[in-house]
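If you read the sequences in order, they're chains A and B. Numbering-wise (the numbering used here), the first sequence opens with residue 34 and increments by one. Numbering-wise (the numbering used here), the second sequence opens with residue 34 and increments by one. Positions of the beta carbon are idealized from the N, C-alpha and C atoms, including for glycine. Structure first, then comments.
2 protein chains.
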Amino acid sequence: MSLFVRTLVRKRDGAELTEGEIAEFVRGVTDGTIPDEQAAAFLMAVCCRGMTTAETASLTFAMMRSGETWDLSRHGFVADKHSTGGVGDKATLVLAPLLAAVGVKAGMMSGRGLGHTGGTLDKLEAIPGFRTALPRGDFDRLLETVGCALVGQTDSVAPADRRLYALRDVTGTVESIPLITASILSKKLATGASAVVFDVKTGNGAFMAETGDARTLGRALVETARAAGRKASGWITAMDRPLGEAVGNANEVEESIRLLGGEGPADLRETVLLLGADLVVAAGLEKGEKSARTRLNAALADGRALDVFARLIRGQGGDSSVCDDPRRLPRPVGRRTVAAAEGGVVTAAATREIGLLAIELGCGRRNKHDVIDPASGFRIHRKPGDVVAKGEPLVTVELGPTAKPNATFEARLHACFTVSPAGTPVSALPLAVERL
Amino acid sequence: MSLFVRTLVRKRDGAELTEGEIAEFVRGVTDGTIPDEQAAAFLMAVCCRGMTTAETASLTFAMMRSGETWDLSRHGFVADKHSTGGVGDKATLVLAPLLAAVGVKAGMMSGRGLGHTGGTLDKLEAIPGFRTALPRGDFDRLLETVGCALVGQTDSVAPADRRLYALRDVTGTVESIPLITASILSKKLATGASAVVFDVKTGNGAFMAETGDARTLGRALVETARAAGRKASGWITAMDRPLGEAVGNANEVEESIRLLGGEGPADLRETVLLLGADLVVAAGLEKGEKSARTRLNAALADGRALDVFARLIRGQGGDSSVCDDPRRLPRPVGRRTVAAAEGGVVTAAATREIGLLAIELGCGRRNKHDVIDPASGFRIHRKPGDVVAKGEPLVTVELGPTAKPNATFEARLHACFTVSPAGTPVSALPLAVERL
Chain A
34 MSLFVRTLVR KRDGAELTEG EIAEFVRGVT DGTIPDEQAA AFLMAVCCRG
84 MTTAETASLT FAMMRSGETW DLSRHGFVAD KHSTGGVGDK ATLVLAPLLA
134 AVGVKAGMMS GRGLGHTGGT LDKLEAIPGF RTALPRGDFD RLLETVGCAL
184 VGQTDSVAPA DRRLYALRDV TGTVESIPLI TASILSKKLA TGASAVVFDV
234 KTGNGAFMAE TGDARTLGRA LVETARAAGR KASGWITAMD RPLGEAVGNA
284 NEVEESIRLL GGEGPADLRE TVLLLGADLV VAAGLEKGEK SARTRLNAAL
334 ADGRALDVFA RLIRGQGGDS SVCDDPRRLP RPVGRRTVAA AEGGVVTAAA
384 TREIGLLAIE LGCGRRNKHD VIDPASGFRI HRKPGDVVAK GEPLVTVELG
434 PTAKPNATFE ARLHACFTVS PAGTPVSALP LAVERL
Chain B
34 MSLFVRTLVR KRDGAELTEG EIAEFVRGVT DGTIPDEQAA AFLMAVCCRG
84 MTTAETASLT FAMMRSGETW DLSRHGFVAD KHSTGGVGDK ATLVLAPLLA
134 AVGVKAGMMS GRGLGHTGGT LDKLEAIPGF RTALPRGDFD RLLETVGCAL
184 VGQTDSVAPA DRRLYALRDV TGTVESIPLI TASILSKKLA TGASAVVFDV
234 KTGNGAFMAE TGDARTLGRA LVETARAAGR KASGWITAMD RPLGEAVGNA
284 NEVEESIRLL GGEGPADLRE TVLLLGADLV VAAGLEKGEK SARTRLNAAL
334 ADGRALDVFA RLIRGQGGDS SVCDDPRRLP RPVGRRTVAA AEGGVVTAAA
384 TREIGLLAIE LGCGRRNKHD VIDPASGFRI HRKPGDVVAK GEPLVTVELG
434 PTAKPNATFE ARLHACFTVS PAGTPVSALP LAVERL
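As C-alpha cells, this is what we get:
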C-alpha cells in the first residue's frame, strides 16, 4: 500500500491528518505524482469527513507554497479584499482606488465570473484596453505610483489550486468549507497582502445561502489568515438581492464610476465603506470605524477616489476617458423593460436566477470558450421591500450587440420578482448581516 | 453540471441513490464514459456515506449486467461457494468434488490470492497441467460429465468489477461493505449458480477482523443474493489461526487430497461439512443438516470424493496421478523448523502476518508479475490452545526451489506465535462463530 493510500484510508475513516500527510498530498498534486483518481478520492473524503482548523491551515499553507509567493514588504502595508461572489457585486472596483486615495495601498488579485456570479476581471475588461494580466514588475510599479493594482491570478501562483479546482468541478466536491477556504486563501496569502477583509455573502444569490454556512466559512477564512500572520477581518453581507442597480459588465463599471464620483446606489456605498473602514483601521491610519468612514467618504466626495481610478486604468493600459464620459464604455443597442403585472410590494428577488439569466444574456461564460458581451446586462429598479405599481418597471434588460434572449427570457426574468399585496411583511436580510 | 456530478453530490450529502443513478454509474464505468476521477469520488462517497440494502442490490445487479451472464438452467441445481479469504483456506478444493460425489453439481468460479490470503486458482495450478482458464463449453461439459468445475473469472463476466476493483485498490476504498458485497456477488450471480453458501471469515487473519463487520458483510451477501432469486446461506468462521496445517499451494493440494480420502485435519473437515451441508439441503437432497453431514462423510470415507477430484483434474488438463501419489506435486527442496523458545500454551497466532510471510516465501504475489513457487509453504504444528514444550516445533518452513527467506525470516515467523505460561486462558474463536 503506497503511503498516500494510507492517508486516504485515514481520512476516509475520519482521522485528523498530519501536516506532513497534507503536504505530501499537495506536493503530489503539484508535481503530478498523485493521479487524478487518488486526488478525487481525497477531495471526496474531505467533503464527507471535514477538516479541523489545523488541517485546513496545513492545506492552505501547502497550497500557497505550491508555487511562487510574492514578497510585498518593500511596499509597506498592502490591503486585499475577497468576496465569496454575488450578483452585481462591483465593490472591488470602487474599493481599490478609494483605499489608495486615502493612503492605503491596495494590491488585489481578482477572479472571473463563476456559476451565476460576475467576476471583477470580466468587469474591468469592459473598459477599452484594460489589461488584467500584468507582469509582476508592473504590479509593483502600479502599487508604487498609483497605490493600487487590480490583476488576475497568474499560472505561477498556487498551481495546486488550479488542478484541484478543475477536479472539484467534475467530482461534486465544490461545496466544502475547508476546500473553499484553502482555495481562496492559498492565493491571497501567496500574493503577500498585509491585511485581508472578507465579504462573505449569504442569501439566495450566494454560494453559501444559509447564514450558518457563511459564518463557518467566514470564520475559517479569518482564522486561517490570522494563523498565517496576516491581519484579517470580515463581514457577512446580504446577497438575497443584487448589489447596486447594475448587473453586467460595462454597466457595473459605470455604476462604480458614479460611486467613485460621490454618487451611486446606497447599498453599494455602504458595502464599500464597511469593508474599507476595516482596512483603513488595519493600516493604522485611523483608530476607529467612524473616523475611517469619514476619511473614505471625503475621498469619494472630493474626486480623489475617481482620480485614482483614472490613473489605475491608464496604468493598466485602459482608456481612462471613461471616467469623465462613461458613454465611452460599450453600450447596449436595445432595451426592454420588464414591468410589474400587479401592484404591491416586492417580497423576494430570486437572485441566483437573475445571475443565471445575466449569464444567458452574455454577461458571463457558460463554457470556457464563451465570449462575454460587455454591453449586456440588467438595471434593477425594485428590490425586496420596495413598493411597485402595476405597469411600473421591475428591471430593464440592456441588450448588447450579441445578446439574443429567447422568447421566454422576459417571462423568466419577471418570475424572479415576487410581488405580494401591499402590506405583506418582507423578510429581507439587513445589508450587514454580522461581523465575522 | 453533468447528471453524474449531481449523483456525486447527492451521495456526498448522504442521499439514497435511485436504481437509475446507480445503473448510470455502472454503465459509465463499463463503457469508459465516466472518467477515473469521477468513479473514484463515487467510491469514496460510498465508503463514507454507506449504502442502503436497496442501493447495494442495485449496484450488484448493475455490475452483474455489465457483462456476460451465464444461464446454467440446463444443468438443474448448481451450487457455488464464496469465502472472504484467509490463510490455509483450501475448502473449495475439497468441497467441489465432495458435493459432486453426493449428487450436487458444483460450478465454482474462484480467485487468485489477495493481500495476505491464498487463492484457490493458485493452489490448483500447483497440480501439473491443471488449467483454470476454461472456455464456457468446457465448463458445461465438466458439469455434465464430472459434476463439478473449478475455473477462474473470465474477462467477459462483470467487467465493471475489474475496473472498479483496480480503482479501489489505489484510492483507499477497498474496505466498504456495499462495495465488497457488489464485487463478490456481481460475479457469483453472473455465473448463474442456483445456491451460494458464504464463508465469511473473522479474526486477525480475516479482511473483516471484527465479528460485527463480518456479520454486516455476511448478511448483506445473503440478503442481496436472495433478492436476486438465489438460495443463499452462510457462516461466520474463525480465521484467528490458519485453517488446517498446510499453508502454501502444493502442500494445500496434498492436504485436500488427504481430506478427500477421509483423513486430514479436523478443522478443515468441519469447515467443509458446515458449508457442504447447507448446499446439500439447498439442493433438496436431504432435509436436515445432520443427514446432509452423514451423506458427505460417507463420500469422504469411501473414496467417491477423491475419485471425483481425480476426474476433475483430468477434465481440466491436470495430472490426476497426484491423487494416488501426492509426492508427484512440486516438492520442497529444504525444510527449517521454527521451535518454541519456551514451553507453555500458544495463546495467539498472528495469522495475517503468517500469511504475509508465506507470500514473502513465494506462495503468493506481491506484484502482478511475481511468479509463485508452488512448493513453498508452511506446516503449522501448533495453534492457539495447544500446549508446546520448549524446543518443540511450532511451524516448519518448506522451501521451494526459488524460496530465499532472509536472515530475519524465521525470527519473524517465530514472533507470530505467542507462547504464554501453561494455564494462561486462551480466547480463540470457535470454528463456527455463527450462522448468518
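Apart from sequence neighbours up to five positions away, the residues of its chain that approach A:Ala90 with a beta-carbon distance below 6 Å are Thr257 and Ala260, ordered along the chain.
When DSSP states are grouped into helix, strand and coil, A:His414 belongs to the coil group.
For B:Val59, not one C-beta of chain A is nearer than 8 Å to its own C-beta. Listed in chain order, the positions of the region 77-102 of chain B with a beta carbon within less than 8 Å of a beta carbon of chain A are Met77, Ala78, Cys80, Cys81 and Arg82. Between B:Ala191 and B:Met97 the beta-carbon gap is near 6 Å, inside 8 Å, which marks them as a contact. Annotation for A:Leu462: Gly236, Ala271 and Asp273 place their beta carbon closer than 6 Å to its own, counting only its chain and skipping 5 residues before and after. At a cut-off of 8 Å between beta-carbon atoms, A:Gly140 makes no contact with chain B. Unbroken alpha helix (DSSP H) runs of no fewer than 4 residues, entirely contained in the region 309-343 of chain B, are found at 322-334, following chain order.
At a C-beta separation below 7 Å, B:Gly205 has these neighbours in chain A: Val38, Leu41, Val42, Arg45 and Ala74. When the five nearest sequence neighbours on each side are left out, the beta carbons in the same chain lying within less than 8 Å of the beta carbon of A:Met142 are those of Asp113, Val184, Gly185, Gln186, Val190, Lys220, Lys221 and Thr224, in order along the chain. Nearest to B:Ala455 by C-alpha distance, out of B:Ala436, B:Glu425 and B:Val421, is B:Val421. Distance from the CA atom of B:Ala310 to the CA atom of B:Leu464, rounded to whole angstroms, is 16 Å. The alpha-carbon separation between B:Gly53 and B:Ala139 amounts to approximately 34 Å. For B:Glu70, the C-beta contacts it makes with chain A under 8 Å involve Asp69, Glu70, Ala72, Ala73, Leu200, Val203 and Thr204, in order along the chain.
The continuous beta strand (DSSP E) containing B:Ser266 extends over residues Lys264 to Ala271. Proximity to B:Asn439 across B:Pro426, B:Leu394 and B:Asn400 peaks at B:Leu394, based on C-alpha coordinates. In terms of Cα proximity to B:Asp246, the closest of B:Trp103, B:Ala299, B:Leu197 and B:Thr117 is B:Thr117.
Annotation for B:Pro426: the continuous beta strand (DSSP E) segment containing it runs Pro426 to Leu432. Beyond the five residues adjoining it in sequence on each side, B:Lys44 comes within less than 7 Å, by CB distance, of Leu50, Phe75, Ala78, Val79 and Arg82 in the same chain, given in chain order. Between the alpha carbons of A:Phe163 and A:Arg344 lies a gap of roughly 12 Å.
Taken through DSSP and simplified to helix, strand or coil, B:Cys356 comes out as helix. The DSSP assignment places 153-157 and 169-178 as complete runs of the alpha helix (DSSP H) inside the region 150-186 of chain B, in order along the chain (cut-off: 4 residues). The distance from the Cβ of B:Val280 to that of B:Val120 is about 6 Å, consistent with a contact at the 8 Å cut-off. Ranked by Cα distance from B:Glu467, the first of B:Thr244, B:Val378, B:Gly136 and B:Cys181 is B:Thr244. Per the Cβ contact rule, the region 353-371 of chain A is in contact with the region 406-415 of chain A (3 or more Cβ pairs under 8 Å).
Per DSSP, reduced to three states, the secondary structure at A:Thr63 is helical. When the beta-carbon positions are compared, B:Glu288 and B:Glu278 come within less than 8 Å of each other. By alpha-carbon distance to B:Gln349, the top candidate from B:Gly170, B:Leu128, B:Leu301 and B:Thr451 is B:Gly170. Between A:Val341 and A:Leu329, the C-beta spacing is not below 8 Å.
Exclusion of the five residues before and after A:Ala408 leaves Ala283, Pro363, Arg364, Pro365 and Gly433 as the residues of its chain whose Cβ lies within less than 6 Å of its Cβ.
In this model, B:Lys234 and B:Phe110 are separated by some 26 Å (Cα to Cα).
With fewer than 16 other Cβ atoms from the protein chains shown falling within 10 Å of its own Cβ, A:Thr441 counts as exposed.
Under a 10 Å Cβ-count criterion, A:Leu126 is classified as buried, with 16 or more other Cβ atoms of the shown protein chains found around its own Cβ.
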